[in-house]
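The block underneath contains the structure these notes are about, expressed in structure tokens.
There are 4 protein chains.
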Amino acid sequence: MTEMKAPDSARRSERSRRAIYEAALALVGEVGYPKTTVEGIAARAGVGKQTIYRWWPSKAAVLLEAFLDMADQAAEAAGPGGYEIPDTGDLEADLRTVLRATVDEMNTPVYDAPARALAAEGVVNAEVGAQFVERLLEPQLQLYVTRLRAAQEAGQVRSGIDLRIALELFTGPLAHRWLLRTLPLTHEYADQIVDCAVNGLAPRD
Amino acid sequence: MTEMKAPDSARRSERSRRAIYEAALALVGEVGYPKTTVEGIAARAGVGKQTIYRWWPSKAAVLLEAFLDMADQAAEAAGPGGYEIPDTGDLEADLRTVLRATVDEMNTPVYDAPARALAAEGVVNAEVGAQFVERLLEPQLQLYVTRLRAAQEAGQVRSGIDLRIALELFTGPLAHRWLLRTLPLTHEYADQIVDCAVNGLAPRD
Amino acid sequence: MTEMKAPDSARRSERSRRAIYEAALALVGEVGYPKTTVEGIAARAGVGKQTIYRWWPSKAAVLLEAFLDMADQAAEAAGPGGYEIPDTGDLEADLRTVLRATVDEMNTPVYDAPARALAAEGVVNAEVGAQFVERLLEPQLQLYVTRLRAAQEAGQVRSGIDLRIALELFTGPLAHRWLLRTLPLTHEYADQIVDCAVNGLAPRD
Amino acid sequence: MTEMKAPDSARRSERSRRAIYEAALALVGEVGYPKTTVEGIAARAGVGKQTIYRWWPSKAAVLLEAFLDMADQAAEAAGPGGYEIPDTGDLEADLRTVLRATVDEMNTPVYDAPARALAAEGVVNAEVGAQFVERLLEPQLQLYVTRLRAAQEAGQVRSGIDLRIALELFTGPLAHRWLLRTLPLTHEYADQIVDCAVNGLAPRD
DNA sequence: TTATAAGCGAGACGGTACGTCTCGTCTTGGT
DNA sequence: ACCAAGACGAGACGTACCGTCTCGCTTATAA
Chain A
4 MTEMKAPDSA RRSERSRRAI YEAALALVGE VGYPKTTVEG IAARAGVGKQ
54 TIYRWWPSKA AVLLEAFLDM ADQAAEAAGP GGYEIPDTGD LEADLRTVLR
104 ATVDEMNTPV YDAPARALAA EGVVNAEVGA QFVERLLEPQ LQLYVTRLRA
154 AQEAGQVRSG IDLRIALELF TGPLAHRWLL RTLPLTHEYA DQIVDCAVNG
204 LAPRD
Chain B
4 MTEMKAPDSA RRSERSRRAI YEAALALVGE VGYPKTTVEG IAARAGVGKQ
54 TIYRWWPSKA AVLLEAFLDM ADQAAEAAGP GGYEIPDTGD LEADLRTVLR
104 ATVDEMNTPV YDAPARALAA EGVVNAEVGA QFVERLLEPQ LQLYVTRLRA
154 AQEAGQVRSG IDLRIALELF TGPLAHRWLL RTLPLTHEYA DQIVDCAVNG
204 LAPRD
Chain C
4 MTEMKAPDSA RRSERSRRAI YEAALALVGE VGYPKTTVEG IAARAGVGKQ
54 TIYRWWPSKA AVLLEAFLDM ADQAAEAAGP GGYEIPDTGD LEADLRTVLR
104 ATVDEMNTPV YDAPARALAA EGVVNAEVGA QFVERLLEPQ LQLYVTRLRA
154 AQEAGQVRSG IDLRIALELF TGPLAHRWLL RTLPLTHEYA DQIVDCAVNG
204 LAPRD
Chain D
4 MTEMKAPDSA RRSERSRRAI YEAALALVGE VGYPKTTVEG IAARAGVGKQ
54 TIYRWWPSKA AVLLEAFLDM ADQAAEAAGP GGYEIPDTGD LEADLRTVLR
104 ATVDEMNTPV YDAPARALAA EGVVNAEVGA QFVERLLEPQ LQLYVTRLRA
154 AQEAGQVRSG IDLRIALELF TGPLAHRWLL RTLPLTHEYA DQIVDCAVNG
204 LAPRD
């Protein structure tokens, strides 16, 4: 049993952590994930390599935290409501709004590059994949569950439907196009997905 | 000007190519994609490294061809019809059959490991991604287009719907769960997806 | 201008110093000089690294002082006379006694390992070498000068001879064998060196 | 049992070997042995690190071979006789010639720096020490044995004397001063050593 | 008798070099 | 000409120590 003596996080250098986050995101954006190296991150952050290895187990873990940090800061800046799906009573319109926003995000390079890298790493590395899903994806999916539950209670969604499955009718196609780049991601595409999927969930006559 | 002198493919060693395919698939299955190296493939195939670099540009390209080769052989063994979606007239039943088969495939390790590796590489490397989509994914998606067109002509699918989008209602959610391992892939899940999606495509009253 | 503020030696922890000496000597004996590290000494002594760097400029300096301390304690234990070369009137016999004792010391691991390490460091690092010679070697060589002067005055050594050179006829060969391990160091060898060298110093007919 | 598969020395790059020798000797001369690193040698030689680790087990081994190579080239350039001790019949004069030459060599920086480094490493590392003695020192000592044997047969050296010990009367003091820098190495010093030592070896009346 | 400032243990930090691994290219015989 | 074999230049890996730098915590004067 190799008892790892954990470093003392009270003494951790906040300055270094921030510099590492920034360097990691910048490098992934500039040279791509595979060419981003731990050495490169350390050099760019003006940090010793050991300072990275002391706090993270892998390049992917660094990037995941950097990305979460970026998302947290964005959420904070977005105002008190944070991120949630609007509820105007019109399910189709609300989901259109959200999916269009998601499409925009996926077309934004500073978001796209690291998110894509993390997703890819998670596909192949179960450990990272679990973290990616748990810390990044799942919170977002819960927003759909919440909104769809409201719709279900309002009678806009069939009562027998599992909402975890329902939400995948929206996010699944979007993620598919995003990850594999089969066809371009546009607002129109988002609208069409919402149209079909909402129809599929609607109560039968 | 770097004049690339192409190797003479007539003189190519068939024995080596087969050995490389087998070694690549075996290693990806055994140690995972990131730990599979070109050196390792060469050593296992009893082949010089240059023989790999002469014919393929990257580890991912080797694996892609190896995987296509495996798929071709499976298709050949599957009989004269090859792969196509059945058309019994009942769209929902036909798609259930296909999605259940796909779920089974994704739960088969010898298929899962290399396919997952290729998808992940394609997510991050546009070059590989394009190849992956064009040579592996697109032919399968066309089968859906064909079946859905028949359904549309039979009045089971709304006429205004873009079939490229329609098909993603089925494959998107499936791919999502498969790649990110959010929840287990089961026949029941396939059925539920088909249920909702077919409903969404159906003509409105 | 780097104003070096010297530490206050009055407040120095005696306990720490002793622990550092012991740790340094023990580690050099156990794992050898190159694998002995400042971190290792600190850990073994139960001491912070800074406590070493505060009082010594280098690993070699620590070991030198540790060794001198060990020698001092040995000398103290040896009785009031301390170390000196006996003078029975028989130069050859007296030197035989001393060289045999030196041979024994060199064959004692607790003496050999650190002494060898210090000598090696001194060979390559002039600073350490000077300290090694001045504080460790020179006092011992002076003992030879004293004894040989007595012999010279008694007419047993040619009058023209420089005693600094004379003594090297004894210590030089011994050191040579010890440091480079060309051949084993034995009492017989000591005797033969003394025989030849005393003969070489003797007045000519 | 870790069976090391030895590299094929027939395919070795002569160009790289020479570049490594030159870089190693140059660096030791310029920055000293402790600051000479394997990485530095590789960089200066325009060579990958692995090319060094493939052929040598350590920095010291590289330097030893580089030094031997330098010595071989010098010997080759020195003419057909190579290195040997002259025999004019006058033992004292012949040894004076040789020891003066040795003193000169030890005062030559390009010789001194690497030789000193190797000797120091050999003092502390028995493996290296054995190589140093066997490949560098022993051949030179044998020259003394040869010359002293001739003198012994000519009746200029006592018949009972072990020549391996006799030679150390000359080389021991010299090495002592050289390695530990106790006092300067001069021709006069060499002469005095020869004077005393030859006298010590001479037959007794 | 307290306060105050030093030394202390601990250990995180920016670095350098280690020795290993794999990359993609180049070279040498063998078939 | 293609091949198996593998040496090569290059450079990232993750580890070990370097010497410096805070941290709180004794601990011993000097107010």
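Chains as they are written, first to last, in the numbering used here: chain A, 4 to 208; chain B, 4 to 208; chain C, 4 to 208; chain D, 4 to 208.
Glycine included, every Cβ here is placed at the ideal spot set by N, Cα and C.
Check: residue i C-beta below 7 Å from any heavy atom of the ligand PLP
i: K62 of chain D; result: The ligand PLP is absent from the structure shown, which contains no ligands of any kind.
Residue i at chain D interface by Cβ criterion, 8 Å
i: I164 of chain C; result: yes
i: Q195 of chain C; result: yes
i: V113 of chain C; result: no
i: T100 of chain C; result: no
i: H179 of chain C; result: yes
i: V34 of chain C; result: no
i: L146 of chain C; result: no
i: N110 of chain C; result: no
i: Y192 of chain C; result: yes
i: A96 of chain C; result: no
i: T174 of chain C; result: yes
i: A27 of chain C; result: no
Cβ pair residue i, residue j closer than 8 Å
i: V126 of chain D; j: A123 of chain C; result: yes
i: L28 of chain D; j: P117 of chain D; result: yes
i: A63 of chain B; j: N128 of chain B; result: yes
i: R47 of chain A; j: A69 of chain A; result: no
i: P173 of chain C; j: Y192 of chain C; result: Residue identity check: residue 173 of chain C is Phe in the sequence provided, not Pro. Their beta carbons are not under 8 Å apart, which means F173 of chain C does not touch Y192 of chain C by this criterion.
i: P112 of chain A; j: R161 of chain A; result: no
i: L166 of chain A; j: L151 of chain A; result: yes
i: P176 of chain A; j: G92 of chain B; result: no
i: V201 of chain C; j: L98 of chain C; result: yes
i: A9 of chain D; j: V50 of chain D; result: no
i: A153 of chain D; j: D90 of chain D; result: yes
Cβ-based burial, residue i [other Cβ within 10 Å; buried from 16]
i: E17 of chain B; result: exposed
i: A80 of chain C; result: exposed
i: L170 of chain D; result: buried
i: Q134 of chain B; result: buried
i: H190 of chain D; result: exposed
i: D56 of chain C; result: Before going on, a small fix: residue 56 of chain C reads as Tyr here, not Asp. Y56 of chain C should be labelled exposed.
i: T40 of chain C; result: exposed
i: E6 of chain C; result: Because the pLDDT at E6 of chain C is just 47, under 50, the model does not fix this residue reliably, and the point stays unresolved.
i: A78 of chain A; result: exposed
i: G132 of chain D; result: buried
i: V34 of chain C; result: exposed
i: A13 of chain D; result: exposed
i: A157 of chain C; result: exposed
i: A178 of chain C; result: buried
i: Q76 of chain A; result: exposed
is_contact[residue i, chain B] using C-beta, thresh 8 Å
i: V136 of chain A; result: yes
i: E171 of chain A; result: yes
i: P238 of chain A; result: In the structure as shown, chain A begins at 4 and stops at 208. Residue 238 of chain A is therefore absent and cannot be evaluated.
i: A129 of chain A; result: yes
i: R119 of chain A; result: yes
C-beta neighbour in chain C for residue i, strict 8 Å
i: T105 of chain D; result: no
Cβ-Cβ separation, residue j to residue i (assumed contact under 8 Å), whole Å
i: L67 of chain D; j: L121 of chain D; result: 6 Å
i: T185 of chain C; j: V136 of chain D; result: 6 Å
i: L71 of chain A; j: L139 of chain A; result: 6 Å
i: I164 of chain D; j: C199 of chain C; result: 7 Å
i: Q195 of chain B; j: I44 of chain A; result: Wrong, their Cβ atoms sit about 43 Å apart, outside the cutoff.
i: L94 of chain C; j: Q159 of chain C; result: 5 Å
C-beta neighbour in chain A for residue i, strict 8 Å
i: L186 of chain B; result: yes
i: A74 of chain B; result: no
Counting only runs that start and end within the segment 74-152 of chain D, where is the alpha helix (DSSP H) found for 4 or more residues in a row?
Listed in chain order, the complete alpha helix (DSSP H) runs (minimum 4 residues) inside the segment 74-152 of chain D are 94-109, 112-127 and 129-134.
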